[in-house]
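The opening residue of the sequence shown carries number 968 in our numbering; numbering runs sequentially from there.
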Amino acid sequence: MTTENVRIAVRDAQDSQTLAFMDNSAPNAIHFDQADLTRFYEGDSTVLQMRFNKKHDRANAIREGSKLAFIYKGKDYWLNIITAKDVSHQRELMAFSLSLELNKEKVGFYAANTAMAFVEYLKSIDFEQTLTIGINEIADKKLKLDWDGDQSKLGRLYSLANKFDAEISFETILNDDYSLKQQIINIYKKHDESNQGIGQDKTATT
């Protein structure tokens, strides 16, 4: 990511305004010399590790809780800064996508009284309704399920998908001002001989 110019908006903790920009091609923006973007197949989660010049007059806007929003290779990203620490004349940060943020929130015991669809279980897990259903290949399927003990919200979502023989991925949609418009959860039938699952079939591509 460091070798390709990317304009990154630094948003405040409430995602109400843009405080600064990180852009190596803009003379007055904050410049960075390291940006390692790691995407995980499971859930399409993302971790960003960056190092930048802390002497810039807007560098203090980049702190724990601030958001980073950008477009990279045609995909929208909206990340929450988890850690930000000074190392010599630079500052290092680590930021997680919203799907990984679900790891910090817990849900407890749950038992359905009747067979329910995936979307109905999602409402009990994501009761703040931070996720919007996008693709749903199992909309008609219903199961009566229960869970013992506590889990992270993300863990419960993966467990739910597994019980439905499904795969899930997360997609971020930004507004023109870099604020978060939607966090979408896509639900696919699990990959097998008849269903593609997450991703695209590239077997015919050399």
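Quick reminder that beta carbons are idealized off the backbone N, C-alpha and C, glycines included.
For residue i, three-class secondary structure by DSSP
i	result
E1087	helix
G1122	helix
S1066	helix
I1048	strand
L1110	strand
A1079	coil
N1142	coil
L1060	strand
L1127	helix
A1028	helix
K1034	strand
I1102	strand
K1040	coil
K1169	Summary for K1169: the model assigns pLDDT 43, below 50, so the residue's position carries little reliability; its value from the coordinates is reported in the next sentence. In this structure, K1169 counts as coil in the three-state DSSP scheme.
Residue i classed as buried or exposed, judged by whether at least 16 other C-beta atoms fall within 10 angstroms
i	result
Q1150	buried
F1131	buried
S1066	buried
A1093	The question names Ala, but residue 1093 in the sequence shown is Asp. It counts as buried.
T1013	buried
I1102	exposed
S992	exposed
Nonlocal neighbours in the same chain, by C-beta distance under 7 Å from residue i, ignoring five residues either side
i	result
G1075	D1117
R974	F988, D990 and F1037
D982	K1034, S1146 and L1147
A996	F988, M989 and D990
K1157	D1132, A1133, E1134 and G1164
Close-in-space but distant-in-sequence residues of the same chain around residue i (CB under 6 Å, 5 per side omitted)
i	result
N1070	S1119 and L1121
R1123	V1074 and I1092
D1168	With a pLDDT of 48 at D1168, under the threshold of 50, the predicted position of this residue should be treated as unreliable, though the coordinate-derived value follows. Contacts found: none.
Own chain partners of residue i with C-beta closer than 8 Å, once the 5 adjacent residues on each side are dropped
i	result
K1022	H1056
E1072	S1119 and K1120
Bridge partner(s) assigned by DSSP for residue i
i	result
R1006	T1013
I1135	I1154
F1019	F999 and R1058
V977	A987 and L1035
Spell out a yes or no on whether the stretch 1039–1052 and the stretch 1132–1149 are touching, meaning 3 or more CB-CB pairs, one atom from each, closer than 8 Å.
yes
If you pair each beta-carbon of the stretch 1079–1096 with each one of the stretch 1045–1062, do three or more pairs fall below 8 Å?
no
Decide yes or no for the touch test of the stretch 978–987 against the stretch 999–1007: beta carbon pairs closer than 8 Å, at least 3 of them.
no
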